[in-house]
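According to numbering that gives the first Met the number 0, the stretch in the sequence shown is residues 0 to 80, in order. Positions of the beta carbon are idealized from the N, C-alpha and C atoms, including for glycine. From a predicted model like this one, the values you see are computed outputs, not experimental measurements.
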Amino acid sequence: MGMRKERSADALLLTVEQAAGLLQISRCLAYDLIAQGKLPHVRLGRVIRVPRFGLEQWILRQAGVPVAPPEAVSFPQQQRH
């Protein structure tokens, strides 16, 4: 089980507790912000995770920094035979 836990600095998805720690807020407040739809999050079954990129963008928006929309990702279309 040595590689099971990744450092939050390397993780794409953070636990609510990790996100709260980075924001220096309580875990309860982080869950409240998620319940209100204010803090970006994803649900994986019953598990809630906070995307690192989404959290960084949310912080910038809260600070009033203009944030450019993310570039669209396009996947090449496969040829059907």
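Judged by DSSP in its simplified three-state form, residue 66 adopts coil rather than helix or strand.
The straight-line gap separating the alpha-carbon atoms of residue 45 and residue 58 is approximately 25 Å. Non-local beta-carbon contacts of residue 26 in its own chain, meaning distances under 7 Å to residues more than five positions away in sequence, involve 15, 16, 19 in chain order. About 6 Å separates the CB atoms of residue 51 and residue 13; that is less than 8 Å, so the two are in contact.
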